[in-house]
Every structure is written in structure tokens, then in C-alpha cells.
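J.: Protein chains in written order, with the numbering used here: chain V, 7 to 282; chain Y, 49 to 629; chain X, 116 to 299.
All C-beta atoms in this analysis are idealised placements derived from N, C-alpha and C, irrespective of residue type, glycine included.
So that we are looking at the same thing, I have put the structure below in C-alpha cells.
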């Protein structure tokens, strides 16, 4: 199984920030990345993202594998866009500067290239945000941070439970899969589709069944320890906000506001280099 | 300082019936427990002991619906009025499943879980957690995740979680079920220490009597069929025949003394073998020992499974299996023991082909099997997981048992014929058309074993076949496995923590420590070797102490002869049963 | 809506964990490379049908976001929200299914479940996902609807077969059985 991206204990300025700050940063960052199509902002975000990588002490080796996988998906996606709508860029930017005729109804245009370039970097602005968020935020802080941004604590806590039990369930899944494989039930790609689904059911069912038992045990334990009786709860691992947190929070809010103004001031969220 | 000898728990004519059941589970319970007492509640599954515990923490009647009658007072309160949350501040419950009770991501967060729910300010939590962690020797692990802890450490975290709330009563629900013997012993010592320091009242629900009695217990409450059948001091109880009558295993040294014909008196204080007065019984024990036939070691036959120079590591840092070699003969029943993380499961995974060794050869009847896939090995080496629920994937018994053949493309009527045969051997034939859900745990275990046996394996590997089972179910499962061994030409390897199991049922024990094979000998010799026991986190059997204190030098032979004697007695009991039928 | 109980909180958490663990388990379809059927969708449908719309929605949302994040260091938000829609819509009928009480064994419930999952998947993959893709990425309309249609089909099939199998089996195991006689 592939290596999971997870928290690494380090002491960098990014690690020292509270989870709340990083969560707010992450949410606003994703919002900007989703809403804007302004190339200048997207490029600025890419550069900023790289800067934070360095600041958080992340090495290229850690990122390269996922980077390759995403690149592969992106290329497929970009080809898909071109295949389905070769002139999407022309529609968006309102001009048509042909570069070369390819085949049939497919002509490569500068507008299309520019549009697809924007889609590409738009996806890539999300990657550093997710990666840095995961690698520098203590998972213990995630639930309390979610609660701080207004998610009810019961739902926030379910995230803590999820993170707590992923390794256990992963381990159980492997053991069940092994034991079933020894019985001859494989999740291979051979055989008829229906058989493959049936075999998958034979492996997932025991896992699901024991997961349901686990739910009973854990909810009993939580009830015995007083979960959910009060309208609020406190958090052992919540970090207090420092001046650095305040600075980052202010910074990201301003960044968000400015990006939105730049993006939407002319009523069109695209940056258009084709009209002068 | 709480006043001793004043009642803290009082049951007056308490009965309880679960809504879904016809018969009450608790009948007319009258019981008083005083402040500062340490009480052991014993009884087999279904005796009502867990239900009794649930009354104390108010899970009954607040979470499990049913009818309750009678009066229950805990520290002057009525639990059903205070509710589960209210009671959690008086009674701290430590559950059997340490993984289920460890809810948070790190040790510190888990200790503070109840405080968080009670809205205690953060600074106060820091102080409490620090204090509790120091007392439980957890200070170095505060930021560790549960996956990085041993079973004993996880249990200490559970204990820390309830101690953080300043409770008055500690309630342990089968605290020893998932621990290796040495860790279990430490747990009992720790409970003792804490109750003395904090002036707590302790109630332990457990059927592993010998292990709990390692430290003084004030009273043992014996339950059966929802009633209290005995409420005695341990010394008195051990001298009676009540334990056997109600399906609880006697400590081995007690069973041996009784086998030798000793008439035990409570004045001899039989609770601890180390301090018991053995003078009145020594001669009898010696006479009995010399009168018993010498233990007969089975003859070596052909090799069934041999392992040579096996090495394995997950990463370059640490070898999990280091140069392990052994040779198991056809028809043997072998136990594989060692503390958690010693490499037992890894070794089993290597044999089954789930993992590939870095070095070394595994041979099946002399043939190197390194080229065989997991599925191909599965036809020769059957692997049965600890919980039947982890294996059962079909709702109907017949389907489940036949699955291994069906997926190998065997014709439907042939699958049914073979499944029928195996079900007969396993005593499940009358239930062949039942859904798996209608079976008891022990029967489900048999289904999971039957579904492996149908492939006619040469080797059967059982992972913790009796974990968490009381004496009666333990005996049921083990007698079943012994029976399988008699009827089929199969060699059995069991991974276990249970020293009784290795002593009573296996011919040979492989002891693993830190990935190395520490000893390969008869269980009687392993369990009477103090050095080995310490290194492998086993507990030396009390038969050793008994024989040494009675002046018998060859403790291993003493243990072996006693086990032979017990086995022949079980055999007789079985013959009588068959005669009646 | 009633208050979320402890069992629901735990189901959300552990359901999410299971969903994430199964992220990489796929049943490949030979025709289209890289698109497999996802057994985790059946698990999502299972949790929704057993525990209701809130649990279904949260497991879909958290599970997809977390799975994307820890496996690929990216979150495709336009596909995270539809996942929540699938869970929430299927969960609406949880009370009717009575899976834990052994009620999910009759044809009526199996049909109701499959209608609800088809509606849920249609809403998610043919409406929500394409709309979000257009909103966020201004992707071509024909492409996103084609993609949505494929996702819809694959998910309806896997939930229809695997989801139904799991629910029926679980319902049969957890419900009470009566009138069983030992046979000679």
C-alpha cells in the first residue's frame, strides 16, 4: 500500500502555528483557488506555496511521488478537456488565435492553451495547501480547530475518531484480506465482473461486521466517560493563539479580500491577456 | 479519608431482565460492599456478572433497556437517577477492550477525555494529566499514539482516564483478557497499589482467578444463573468445590493438591502458593507424584513443517525475525508463545506466505514452498484468525464452510458433500442450514475452523483460539481441537498467551523473544524455567512452586505428570458422557 | 432533526476511517483504464442506510476529503460535495430499512434502497458534480456531464450489487432468527 501523507514532528515557524490558524488559512486558500481564474493570482499562490514548503522544512523527496501521480491525472484531464471542447478557451477569452491545425475539427489555439494552463495551475495551487496542512498540523489539533471554526463538536470529534482508527482498520483489513486470500478468495482482476464483486464482498463483509462491533464498544466507552452530555467541551490539545497566529490570520484574510477584488472587479473572473 | 467498613455499594433484592429476553439475567441480588474493599466477581459467561457491573455504572438501566426491581445504592445514590454521566464521576470503569476504550489520538488526550467532556479548563487538565501520568509511569508516552503502545500500557492509559476524574470506585471488566501473563500480573499489582494510595474501592470482574489472587482480595463473589452462589474469602472458597461446580478454573496448584488427595483447610491460607502453609499436605503430594506413571514423550516422526534460518524485517532498521529454525513433526500440536511484538504473528505470516522472508527456507513435508502463492499455500496450510467474525463472510453455515472449495471451482454437489463431511466431524451437521448468526461464539469458532479444514490442510495455524473465553468455553474449544487432531491427519500450531493452554494441550512450545527462538521444549519445562519465563513475559506456573516447596526437584516432570493425570480424567469424563448418550 | 447521539458520532468517525482505508481498493473495469468501481461507495451506502442522513453525509464528505488528502495530497472539492449528497440522500430512508433489526431482507426494502441510491447518485453525479466543476474550473459542459454519467453508472452498479449484498447479509446476521430446528 502506498505511503500515507501524515504529520511530522518538527519545529518550524509553520509547525508552531495553531491548528486553527492553519485551518482558516487552508479554507480561505481553497476558496480563492476555486473561485479565481486570474492567472496573476494563481501564479502568486504557486510561488507563495513553494515559499511555505521551504519554510516548513519539506524536502522534494517527500512530495515527488504524489506530484508524479497528480501530474498523470492532470495530463489525462487536460487531454480530456481538449478532446471534448477544443475551443473552450476561445469562448472564454472571446478571441481565436490559431497555432496549428491538428486533425479533423481540432485546431490548437493560444486561447485554449492558456485556458488549460490556468486549469493546471489552479489544481496545483491546492496541492501545497493540503500537503503543508497535513504535514505540519498535529492531528490532535484538527478536531478542536474544526470546532473553533464553528463545526459542532460532535461532528468535529468524529474526525478525531476517524484519524484514531484508520491505522487499526487498515491493519485489520490487511489481516482479513490475507486470511481470505489463503482460503482462495482473491481481489484479483481476473474472472467475471460479478465474481470479482462477490469476492470483494467476501473480504469487505467481515471487516464491516467487525467495524460495526467496534462502533458499539467505542460508543459505550465514550458514554461511560461522559461524552456529549454538555453543550460544549474543552480541548486538551488546543494551542493558544500567538502573535504569529494573529499575523498569519490577518494576512490570509487580506489576501482573500484582495484576490476577490482583483478577480471580480470587472465582473469577470478571468484574466484576459488576449484583449488589449 | 473515607471511613472504612461503611457500605459504599448496596444491592437489595435487585433483579433485572433485558427487554429482549424472556428470563431475568439478575435474580434477587443482595450484596453489600464496604469502602476500601477489593472484591472479585467471578462466574462463567452468562452468569450475570457483567450485568451486575453494568448496574454499577448505570449502563443498566440507562443504556440497556429492561425491567429493574429492588434497591441499589452506590455511594448513597441511585445510579438510575444519576445516569451514566453522573455515575462516571463516582465509578470509573476500565473495559476489557483496551483499543475500544482508547478513543483519542494520544495518551495525554485520552487521559483528559472525560475532563474535556466536563469542560475543565485547559490548564487544569495539563496539571491533572501530568500528575496521573507520573503515578502510572506514563510520563514518557504522553504524545504517543495508541498504535505505539503495548497492551499493558494501553490499559494503564484507560486506568489513567478514570483516575483523572477522582472516582471512588474502580470497576474492572475482565482486565486480564487481552494481556500476556506477565503484564497481567503487573496490572494486578498496580491495581493493588493504586487502591491503597487513593483509598478506593475496587471491583474486578474476571474468571482468571489464579491471576487475580496474585494480590490479596477481600472477598470473592461467585455468580451463576443470575444469582450469587457464594460470597466468601478466597481462602475459604479455594478449599471448597464450588469453583469447579460453577465452571471456574481453580488455580493449578490447588487443583494439583486436590488431585493428590489433600483435604485443604482455610487455616493454611491457600490464596498464595508462596506463603501457603504446605506442611499438612507435603507427604501426600510426594506420595502421589511417585505413584504416577512417568510422563511419556511422543516419538518423533516425519517432518511436517520445517523452518531454517528464517530472517525478516519490515525496514532496514529492525529485524522482526532473526535466524529462526525449527522442525515440527507430523501430528504434533505446538504452541507458539512470547509477548506482544515478539514476532509470533510475523512468523505465522511468513509461513502462510503473506510476507516474504529476507532469508531462510520453509519446507512442507520436506518440499521448499517459497515459490507457492498465498492461495496455493492455503491448500496445505490453513490459517484461522482470532475472532471468527473476522473470517465469516457468508450468512449461511453451509455456504461459509464450502466457500474455500467453491472459489476453487469445485462442483456444487461435491462442495456440499465435503462440507457435510466436515460439518459432521465438527459437530455442526445438525445446524447446516442455519444462519451463522444463530450460533454461539464457540460454534462460530468451529465454523471458521471447519471452513479451513474443508481444504484438507496438512498444517492448521490457530491465532489465539481461546482469547477472552471463560473456562467452560475454553474447554469446549480446546476439546474440539483435540478431537480434530485425533480424527484428521493434521499438524496444529497455536499462537497463544494462555499458559494453561500450552501446558494442558500442546506437546511442544516454541518461545519467541525479540524475533529469536529462545527455547523449543515441552511446555512443562518451559513454564518451570524462571529465566525463560522472565525473558519471554510468561508467568512461571504455580505447579513449579508447589513441587519445589514440597521437596520435589524435578518440577518439569511434576507439572507434566499432573497434566497427564488431568487429561486422563477429562478422557474418563468424556467416556462417561458418551456412555450416557 | 433529532440530536446526534454518541453512536452516530462514532459511526461517522469509524465509517470515515473505513471509507478512507478502502480508498485504494478498486474493482477495475477493463474498458476504461483508471476508472474502477469503488467498493468504498458500497460502504458509504451501507453506513447511510444503517445510521441515517447525517452520518451518511459526513462519512461521504470527510471520507472523500481525507482520502484525497492523505493519498494524493490534494482535495477535489467538486467531487467531495457530491459524495456527501449520496450519503445524505440514501440516509433519508434509514428508518424504513431497519437494517439492524433485520428488516432489510424483503424485496420492498431492497427496491426502495436501490431507487433511493439511484436518485442519490443522479443528484450527485449528474447535477452537483458537473455544476461544481463548471463553477470552479469552467470545465467544458459536455465533458463534465460525460464524466458525471460514467461516475453515475459505475456507482449505481457497485452500490446496487455490493451495497445490497452487504446490507442483506448484515441484516440477516443481526436480526433475530426464530423457528430453527436442528436436523439429523
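For the alpha helix (DSSP H) that contains residue 159 of chain V, what are its first and last residues?
T.: Its alpha helix (DSSP H) spans residues 159-189.
J.: To the nearest angstrom, report how far apart residue 590 of chain Y and residue 617 of chain Y are at their CA atoms.
T.: Those two C-alpha atoms are separated by around 20 angstroms.
J.: Look up residue 545 of chain Y in the DSSP assignment and say whether it is helix, strand or coil.
T.: In the structure shown, residue 545 of chain Y sits in coil (DSSP, three-state: anything other than H, G, I, E or B).
J.: Residue 269 of chain V CB to nearest chain X CB: under 9 angstroms?
T.: No, residue 269 of chain V does not count as interfacial toward chain X.
J.: I want to know whether the stretch 447-457 of chain Y touches the stretch 495-510 of chain Y - three or more CB-CB distances under 8 angstroms.
T.: Contact holds: three or more Cβ-Cβ distances are below 8 angstroms.
J.: Taking 9 angstroms as the cut-off, decide whether the C-beta atoms of residue 155 of chain Y and residue 181 of chain Y are in contact.
T.: Yes.
J.: In chain order, what residues of the stretch 484-502 of chain Y put their CB closer than 8 angstroms to some CB of chain X?
T.: Taking 8 angstroms as the Cβ-Cβ cut-off against chain X, the residues of the stretch 484-502 of chain Y that qualify are 484, 485 and 486.
J.: Could you give the first and the last residue of the continuous beta strand (DSSP E) run that contains residue 153 of chain V?
T.: Counting along the chain, residue 153 of chain V falls outside any beta strand (DSSP E), though it belongs to the alpha helix (DSSP H) covering 145-154.
J.: Could you pull out every residue in the same chain whose Cβ sits closer than 6 angstroms to the Cβ of residue 102 of chain Y, ignoring the five residues on either side in sequence?
T.: Around residue 102 of chain Y: 108.
J.: Determine contact between the stretch 227-237 of chain X and the stretch 180-194 of chain X, defined as no fewer than three beta-carbon pairs at a distance below 8 angstroms.
T.: In short, these stretches do not touch, since the Cβ pair count stays below three.
J.: What in chain Y is Cβ-close to residue 244 of chain V, meaning under 9 angstroms?
T.: The contacting residues are 170.
J.: Is residue 158 of chain X near residue 137 of chain X, with beta carbons less than 9 angstroms apart?
T.: Contact flag set, yes.
J.: Beta strand (DSSP E) containing residue 515 of chain Y: first to last residue?
T.: Looking at the DSSP string, residue 515 of chain Y is not in any beta strand (DSSP E), and its letter there is neither H nor E.
J.: For residue 167 of chain Y, count neighbouring C-beta atoms within 10 Å of its own C-beta (all shown protein chains included) and say buried if the count is 16 or more, exposed if not.
T.: Burial call: exposed.
J.: Report the CB separation of residue 128 of chain X from residue 167 of chain V in whole angstroms; it is logged as a contact under 8 angstroms.
T.: At roughly 3 angstroms, the Cβ-Cβ gap stays under 8 angstroms, so residue 128 of chain X and residue 167 of chain V are in contact.
J.: Against chain X, with Cβ distances strictly below 9 angstroms, would residue 144 of chain V count as a contact?
T.: Chain X, which has no Cβ nearer than 9 angstroms to the Cβ of residue 144 of chain V, makes this no.
J.: Applying a beta-carbon distance threshold of less than 9 angstroms, which residues of chain X neighbour residue 402 of chain Y?
T.: Going along chain X, no residue has its Cβ under 9 angstroms from residue 402 of chain Y, so there is no contact; the nearest lies around 17 angstroms.
J.: Is there a Cβ of chain X sitting closer than 9 angstroms to that of residue 224 of chain V, yes or no?
T.: At least one chain X Cβ lies under 9 angstroms of residue 224 of chain V.
J.: When the distance is taken between beta carbons, is residue 313 of chain Y closer than 9 angstroms to residue 85 of chain Y?
T.: No, the pair does not count as a contact, with Cβ atoms beyond the cut-off.
J.: For residue 63 of chain V and residue 16 of chain V, what's the separation of their Cα atoms in angstroms?
T.: Rounded to the nearest angstrom, the two C-alpha atoms are 8 angstroms apart.
J.: Does DSSP put residue 538 of chain Y in a helix, a strand or coil?
T.: Note: residue 538 of chain Y maps to coil in three-state DSSP.
J.: By Cβ distance, which residues of its chain are closer than 6 angstroms to residue 50 of chain Y, with the 5 residues on each side in sequence left out?
T.: Its pLDDT being 46, under 50, residue 50 of chain Y is placed unreliably in this model, and the value from its coordinates should be taken loosely. So the list reads 83 and 247, once near-sequence residues are dropped.
J.: Determine whether the Cβ of residue 283 of chain X lies closer than 9 angstroms to any Cβ atom of chain Y.
T.: Yes, because at least one Cβ of chain Y sits closer than 9 angstroms to the Cβ of residue 283 of chain X.
J.: Taking the C-alpha atoms as reference points, what is the distance between residue 177 of chain Y and residue 206 of chain Y?
T.: Looking at the two C-alpha atoms, the distance is approximately 12 angstroms.
J.: To the nearest angstrom, how far is the alpha carbon of residue 286 of chain X from that of residue 461 of chain Y?
T.: One C-alpha to the other measures close to 28 angstroms.
J.: So what's residue 628 of chain Y in DSSP terms, helix, strand or just coil?
T.: Confidence at residue 628 of chain Y is low in this model, with a pLDDT of 49, below 50, so the placement of that residue should be treated as unreliable; the coordinate-derived value is given next. Reduced to three states, the DSSP call for residue 628 of chain Y is helix.
J.: So, with DSSP's three-state summary, where would you put residue 459 of chain Y?
T.: Coil at residue 459 of chain Y, not helix or strand.
J.: Using a C-beta to C-beta distance shorter than 9 angstroms, which residues of chain Y count as neighbours of residue 174 of chain V?
T.: What residue 174 of chain V touches in chain Y: 147, 194 and 195.
J.: Taking all protein chains shown into account, decide if residue 153 of chain X is buried (16 or more other Cβ within 10 angstroms of its Cβ) or exposed.
T.: So residue 153 of chain X ends up on the buried side.
J.: On the three-state DSSP scale, how would you describe residue 141 of chain Y?
T.: In this structure, residue 141 of chain Y counts as strand in the three-state DSSP scheme.
J.: Determine the DSSP secondary structure at residue 417 of chain Y, reduced to helix, strand or coil.
T.: Residue state, collapsed to three classes: coil.
J.: Under 9 angstroms between C-beta atoms, does residue 246 of chain X make it to chain V?
T.: By this cut-off, residue 246 of chain X is not an interface position.
J.: Between which two residues does the beta strand (DSSP E) containing residue 193 of chain V stretch?
T.: Run containing residue 193 of chain V: none; DSSP gives neither H nor E here.
J.: Going by Cα to Cα distance, which pick from Y:241, Y:468, Y:393 and Y:543 is closest to residue 184 of chain V?
T.: Ranking Y:241, Y:468, Y:393 and Y:543 by Cα distance to residue 184 of chain V puts Y:393 first.
J.: Could you tell me the boundaries of the alpha helix (DSSP H) in which residue 135 of chain Y lies?
T.: Residue 135 of chain Y -> alpha helix (DSSP H) spans 127-135.
J.: Whose CA, out of Y:425, Y:230, Y:570 and Y:395, lies closest to the CA of residue 381 of chain Y?
T.: Minimum Cα distance to residue 381 of chain Y is reached at Y:570.
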